[in-house]
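Residue numbers (our numbering): 466 to 638. Every residue gets a Cβ at the ideal spot worked out from N, C-alpha and C, and that includes glycine. Just so it is clear, the structure is predicted and the values come from calculations on it, not from any experiment. Reviewing the structure listed below.
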């Protein structure tokens with residue numbers, strides 16, 4: 466078996482496995498934060514009442530994973546300073562923003578929006594320092610290199626002459 470193909474395939478498998486573990490870890494970290502805020506013990510209920518039951522946590526997890534991905538792509542895992550906050554919207558509502566990603570959640574209470582932003586920011590920070598993110602960051606260059614090789618092989622300027630020189634039994638001589 467060709468070594469580069471095997472390493473790209475193995476890197477892909479490791480990356481997929483690490484992404485699944487990252488989603489589980491994100492769920493656990495966000496849940497722990499939501500359960501452990503002493504100043505707002507009913508935060509999850511307040512989120513659910515503002516944006517719909519289960520929707521708030523689902524969107525928070527999606528935003529945390531996206532913000533973590535931004536850090537993986539930037540290669541800024543050791544000194545990840547997660548930027549988070551709230552943005553005022555029309556009608557006295559507030560949106561949550563982490564790493565330039567605006568979550569599709571709007572809150573009428575600024576304190577709840579700030580708490581959600583803090584939870585998302587801290588969860589992203591913790592995930593960026595974890596094993597799963599480091600595993601993904603190690604495997605991505607291997608996958609990217611193989612993808613670039615395939616893209617180069619399929620370049621029309623180099624592929625067309627090969628096709629034109631290829632003859633089959635149906636081609637006239």
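| Item | Value |
| --- | --- |
| For residue 553, the first and last residue of its enclosing alpha helix (DSSP H) | Run containing residue 553: none in the alpha helix (DSSP H); it sits in the beta strand (DSSP E), 549 to 553. |
| Whole-number beta carbon distance between residue 491 and residue 530, since they are thought to touch under 8 Å | 6 Å |
| Reduced DSSP category for residue 502 - H, G, I as helix; E, B as strand; rest coil | coil |
| Euclidean distance between Cα positions of residue 548 and residue 586 | 7 Å |
| Check whether residue 566 and residue 532 have beta carbons under 8 Å apart | yes |
| Distance CB(residue 528)-CB(residue 563) smaller than 8 Å | yes |
| Distance between residue 631 and residue 603 (C-alpha atoms, nearest Å) | 40 Å |
| N-terminal and C-terminal residue of the beta strand (DSSP E) that residue 570 is part of | 566 to 572 |
| Residues bridged to residue 496 [DSSP beta-bridge criterion] | For residue 496, which the question treats as bridged, DSSP gives no partner whatsoever. |
| Buried versus exposed, by CB contacts within 10 Å (16 or more), residue 497 | exposed |
| DSSP bridge partner residues for residue 530 (one or two, in chain order) | In the DSSP output, where bridge partners are listed per residue, residue 530 has none listed. |
| Residue of 489, 553, 520 and 505 minimising C-alpha distance to residue 588 | 489 |
| Rounded separation between residue 483 and residue 522 - CA only | 21 Å |
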